[in-house]
Amino acid sequence: MTGLDAQRPRLPSPLEEVRDDRFDRRGVRLLLKRDDLIHPELVGNKWRKLAPNLTAAAGRTVVTFGGAWSNHLRATAAAGRLLGVPTVGVVRGEELAARPLNPSLARCVADGMRLHFVDRSTYRRKAEPKTLAGLVRAAGAQGAYVVPEGGSNAHAVHGCVALGAELRGAADVVAVACGTGGTLAGLAAGLGPDQRALGVPVLKGGFLAEEVRRLQTEAFGGPRGAWSLDDRFHGGGYARVPAELDAFATAFEDRHGLPVERLYVAKLLYGLAALAEEGAFPRGTTVAAVITGRPFPPGPATGRTGSVR
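The sequence shown begins at 8 in our numbering and counts up one residue at a time.
1. Beta carbon of Y271, beta carbon of T293: below 9 angstroms?
2. Just how far apart, CA to CA, sit A192 and A254?
3. Closer than 8 angstroms is the cut-off here; do at least three beta carbon pairs connect the segment 227-241 with the segment 194-204?
4. Does the segment 155-172 come within contact of the segment 65-75, defined as at least 3 CB pairs closer than 8 angstroms?
5. Kindly indicate the opening and closing residues of the beta strand (DSSP E) around H123.
6. Going by the DSSP bridge assignment, what does E23 pair with across the sheet?
7. Leaving out five residues on either side along the sequence, give the residues of the same chain with a beta carbon under 7 angstroms from the beta carbon of A82.
8. With a CB to CB cut of under 7 angstroms and the five nearest residues on each side skipped, what residues in its chain are close to R311?
9. Give the straight-line distance between the Cα atoms of L38 and F303, rounded to the nearest whole angstrom.
10. Between the C-alpha atoms of A13 and Y152, what's the straight-line distance to the nearest angstrom?
11. So is R55 buried or exposed if we call it buried at 16+ other beta carbons inside 10 Å?
12. Just how far apart, CA to CA, sit D179 and G171?
13. Looking at the secondary structure, which residues open and close the alpha helix (DSSP H) in which G73 lies?
14. Using CA atoms only, rank isn't needed, just tell me which of G166, L205, C167 is closest to V183.
15. Distance check for E285 and R220, CA to CA, integer angstroms please.
16. Can you tell me the Cβ-Cβ gap for A63 and H165, rounded? I've got them flagged as a contact below 8 angstroms.
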């Protein structure tokens, strides 16, 4: 085995049924696809998206992007440590350079990642070739392999096809929280023809459908699989955790013994419960929710956590 495969991932990840009256009374069966159990340090869709990218990097320094609480940065730093690959994280917010590191960025540094802070205006233009080249140069990482924010590119999409393949025949609807769209793009492509994928965006803006189509075109040459988005459950935007959402997550933890990550997983589960109550799923439907992460820092979940972005 080579690359991350040598780290003994738990694949396929477990699939568990939970009994919850909000689904039971509507005749809906709820399954949890426990991608949070793939690896103790590279949880959820991070494994599926990073493994093919690190193979493509072929030992080169990896440069990637994220905010101050980015789980993608933490996962990339951990992967770099496990494989002995240098990593550089370009962090949104130049003002953060003068502040003490938060626990998420401190974990990145502890895992060997070198951080480069940039102003928010430049960060927004990071996909522009000229700006990207300038950022890589300023970070002292010329010749590095670049992974986009959230890890979503054609390699990542192909890596997430296996997620859909693992769920073929297991559910009618497979739902996942979405930040940058790569997981949904691959998941939908891997499902069977009688299944559909449902994405629950955690950011406002309504831009994700176009991004998922772009990623599928980049990865496969065109659209693949049946998928849709429901934009109603972002809770006010990225990193926003309203009291109602936090209370829902706490109650779900108490009922089912599952630590619920707040920024992504809580919004997914909350959205599915709301959809079940609305009668969006016909009686007899089996819904699988992909658990893409777990709370950070480890321990009791709080409203200030990071996940798949």
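Think of the CB as a built atom: it goes at the ideal place given N, C-alpha and C, for glycine as much as any other residue.
Reading from the atomic positions:
1. Their beta carbons are not under 9 angstroms apart, which means Y271 does not touch T293 by this criterion.
2. 30 angstroms
3. yes
4. yes
5. Boundaries of the beta strand (DSSP E) around H123: 121-125.
6. Answer by DSSP bridge pairing, in chain order: L39.
7. L49, K53, L57
8. In this prediction, R311 has a pLDDT of 34, which is less than 50 and means its spatial position is unreliable; nothing more can be read from the coordinates.
9. Taking the straight line joining both Cα atoms gives about 23 angstroms.
10. 21 angstroms
11. When all chains shown are included, R55 counts as buried.
12. 12 angstroms
13. No alpha helix (DSSP H) holds G73; the beta strand (DSSP E) holding it covers 69-73.
14. Relative to V183, the option among G166, L205, C167 whose CA is nearest is L205.
15. 28 angstroms
16. Not a contact, Cβ separation roughly 10 angstroms.
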